[in-house]
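*Asks:*
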Amino acid sequence: MALTALIQKSTTGDPRWLTSRQALHHATLQSARAVGLGETLGTLAPGRRADLVLVDLTGPHTQPVHDLAATLVHSARSSDVRTTIVDGRVLMRDRELLTIDVPGVVRELGERMPALLDRSHGGRIQEYDT
Numbered sequence: 000m001a002l003t004a005l006i007q008k009s010t011t012g013d014p015r016w017l018t019s020r021q022a023l024h025h026a027t028l029q030s031a032r033a034v035g036l037g038e039t040l041g042t043l044a045p046g047r048r049a050d051l052v053l054v055d056l057t058g059p060h061t062q063p064v065h066d067l068a069a070t071l072v073h074s075a076r077s078s079d080v081r082t083t084i085v086d087g088r089v090l091m092r093d094r095e096l097l098t099i100d101v102p103g104v105v106r107e108l109g110e111r112m113p114a115l116l117d118r119s120h121g122g123r124i125q126e127y128d129t
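With the first letter of the sequence shown counted as 1, position 53 gets the number 52 in numbering that gives the first Met the number 0; the numbers rise by one all the way through.
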């Protein structure tokens with residue numbers, strides 16, 4: 000959201016272009032509409048899916064909170080999300096994932112990593128100009 004808002008301001012030369020509230024609107028309802036789900040999510044309303052995030056705004060990087068939208072767009076970080084609720088189901092509470100076996104996922108990734116990194120055909124994962 001922040002990057003989009005800043006690029007728009009820079010491109011137009013107008014600091015009023017794409018306000019924080021507009022950026023939030025685009026990230027929620029407009030994004031839902033863009034993927035064809037505008038009738039089921041994007042806003043909190045009866046009959047719509049309850050997708051929420053609870054954000055901790057007590058950190059020094061979010062202070063002071065003069066404008067909630069501006070703080071969410073320009074100051075908050077992904078690590079500030081404490082709780083995530085999707086379709087009414089709590090997926091993360093107090094930064095603890097409730098629906099994923101994290102050690103199991105890490106273990107499986109370790110098992111799959113050799114195949115992912117195997118470039119026996121001679122190519123590298125990433126080529127760099129030197």
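In this text, a Cβ means the ideal position worked out from N, Cα and C, and glycines have one as well.
In this text, all values refer to a predicted model and were calculated from it rather than measured experimentally.
Whole-angstrom Cβ separation of LEU56 and VAL64, contact assumed at under 8 Å?
*Replies:* 6 Å
*Asks:* Across which residues does DSSP place TRP83 in a beta bridge pair?
*Replies:* Residue identity check: residue 83 is Thr in the sequence provided, not Trp. Its beta-bridge partners are VAL52, MET91.
*Asks:* Quick one: complete alpha helix (DSSP H) runs, 4+ long, within the stretch 2-45?
*Replies:* 19-24, 30-33, all fully within the stretch 2-45.
*Asks:* Suppose the cutoff is 7 Å on Cβ atoms and the five residues either side in sequence are ignored; what does the same chain contact list for SER74 look like?
*Replies:* Spatial neighbours of SER74 in its own chain (CB-CB distance under 7 Å, excluding positions within 5 residues in sequence) are listed in chain order as HIS60, THR61.
*Asks:* Would a C-beta distance cut-off of 8 Å place ILE84 and ASP117 closer than the cut-off?
*Replies:* no
*Asks:* Using a Cβ-Cβ cut-off of 7 Å (strictly less than) and excluding sequence neighbours within five positions of ASP86, which residues of its own chain qualify?
*Replies:* ARG48, ALA49, ASP50
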